[in-house]
Amino acid sequence: MTQPFYRAFEDRYRGERATIKERLRAYLPFLRPLAAWPRAAALDLGCGRGEWLELLGEEGFAARGIDLDDGMLAACRERGLDVENTDALAALRAQPDDSLALVSAFHLVEHIPFDLVRELIAEALRVLQPGGLLVMETPNPENLVVGASDFYTDPSHERPIPPNLLSFAAEHAGFARQKIVRLQEDPQLRAGGRVALAAVLQGASPDYSVVAQKAATPNQLAPFDAAFDTEYGIDLNTLARRYEQQRNDEHAEIHRILGRFDERIGSDRASAAAQAQALSQDLRNVTESFAAAERAFENKYQALGAQLQHHFDVLAERAARAEARLDQAEQHAARSEARLDQAEHDAARTAARLDQAEQRADRYAQQVADLLDSTSWRVTAPLRMTSDVVRRLRSARRDGRLGSGLRRRASGALRRVALAIMREPRAKRYALAVLARFPALRRRIHGVVYRAPEPGLHHGLPPEPLSGTPEDLPPRAARVYAALKAARDARRHNA
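Under numbering that gives the first Met the number 0, the first residue of the sequence shown carries the number 0, and numbering increases by one thereafter.
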């Protein structure tokens, strides 16, 4: 395999520089206590494109990189990084004892046999200062997809190294403590999200590292306690347990739901049985009611039949009587027709007599008109009026109404005169001035003028003329009235 090929392979499958550098910041809790050391030196074995060297420089380390790939080293030199093309173990063996604060190997141990891995660990322990760190990052075979497939995408890989094996190798070599740091897992899984079966297969942290620390005094180790006490990433067992617990919870929920369904089904069955029983009872009640209604209908049908027969007999009897009455009516009609003929004959005779009466009435009307128009009638008019007055005075004297009648007529005339004076302001003032000299006369006149009309005021007076119009008279009377009126008008005109 040529080096340009491997450089191209790294560029495609490892990721962009910025992405890799951001991932490497996960080690800052381990780096920052080291960076505070004076002259903190770091050696990166298999430095690749130099992302880690850049981060170390930013944190204050004096970092140097080792790699056998000139293409990778060219990328480092472009950025001014201190790198060398040499064998990693050879470079490590050349370092003095207790000379380095940090030794790192990112994705290196999977490329060499395990015996060389153990030798690398031992040499790192030798060259590290007390409290110094060894960082070894590699693909995580706990991620089943990584261990079974993705790991072998790189043809230079030897074989996957389980986290516990690499951690034990560091412990066996003599490091005081070591921490498995799992990396690059799905944040949602890390936050406790739902675990699907695919997450069990490929959700464990795809990379991990073993961070081992060389023995030192408690004061030197204390700044690193928080970093070593923290748990990182997700392992396969955790995902499997979460998945199993999730399945158990789901099964329990399913059982609870099924239990509720069973309870509901049992309740529904009991309710259905009760409803069926109630419906059966209702059906029996309806059947009994129908039978009773049928019996009642039969009885009513028979009763109606008897009633109809009785009504038929009654109607037959009525029809016979009606036929007899019809015969009588026909006979009565014949008699009525005869009487009608007689009535028509009588009406004709009556009409003739009526014509004769009308002719006589016309003659009498003419005679009356001639009488009213005669000289003797006009000459005797005063005599008739005098005779009428004498007759009325005799009648009033005979009935004892003569004095009261005269008083009423005098009072009426006096009242009319007083009212006429009162309507004229000047006459009213003059009359009041005169009457003021005669108090007794004033009281008497006041009593006459303002006294209510006495009952029977019109006793002894001539009767009021009848109301009505000529149109209200019968035809013959109307003709007589017209003749009399014409005669009177002619007399007045001649007078």
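Glycine included, C-beta positions come from ideal geometry on N, C-alpha and C.
Since we're looking at a predicted model, the values are computed, not measured.
- A check of alpha carbon separations from Ala34 across Val145, Arg393, Glu58, Ser204 identifies Glu58 as the nearest.
- Judged by their CB atoms, Val145 and Pro138 are nearer to each other than the 9 Å cut-off.
- The criterion of a C-beta distance shorter than 9 Å is not satisfied by Glu141 and Phe105.
- Of all C-beta pairs linking the region 238-250 to the region 206-217, fewer than three are shorter than 8 Å, placing the two stretches out of contact.
- Of the candidates Asn84, Ala347, Glu329, Leu27, Asn84 places its Cα closest to the Cα of Gly45.
- The way I'd put it, the region 118-136 does touch the region 75-95; three or more beta-carbon pairs between them come closer than 8 Å.
- Short of 7 Å from the beta carbon of Ala121, and not among the five residues preceding or following it, lie these beta carbons of its own chain, in chain order: Ala172.
- Here Ala226 is not near Ala175, since their CB atoms are 9 Å or more apart.
- Residue environment analysis places Ala419 among the exposed positions, since fewer than 16 neighbouring C-beta atoms fall within 10 angstroms of its C-beta.
- The region 71-81 makes no contact with the region 19-36: fewer than 3 CB pairs, one atom from each, lie closer than 8 Å.
- Ile179 sits in a strand when the DSSP states are folded into three classes.
- Separation of Pro217 and Ile253 (C-alpha to C-alpha, rounded to the nearest whole angstrom) is 54 Å.
- If the five residues before and after Ala426 are omitted, its C-beta is found closer than 7 Å to the C-beta atoms of Ile420, all from its own chain and listed in chain order.
- Rounded to whole angstroms, the gap between the alpha carbons of Ala39 and Cys75 is 21 Å.
- The three-state secondary structure of Asp114, taken from DSSP, is helix.
- At a cut-off of 4 residues, the continuous stretches assigned as alpha helix (DSSP H) that sit fully inside the region 129-161 are 143-147.
- Where Gln219 is concerned, the enclosing alpha helix (DSSP H) starts and stops at 217-220.
- With a threshold of 16 other beta carbon atoms within 10 Å, Arg338 falls short and is exposed.
- The shortest C-alpha to C-alpha distance from Ala87 to any of Gln280, Val102, Ala73, Arg16 is the one to Val102.
- Residue burial annotation: Val416 is exposed, with fewer than 16 other C-beta atoms found within 10 angstroms of its C-beta.
- For Ala17, the uninterrupted alpha helix (DSSP H) segment begins and ends at 16-23.
- Straight-line spacing of the CA atoms in Pro37 and His156 works out to 37 Å.
- Excluding sequence positions up to five before and after Ala485, its CB lies within less than 8 Å of the CB of Ala368, all in the same chain and listed in chain order.
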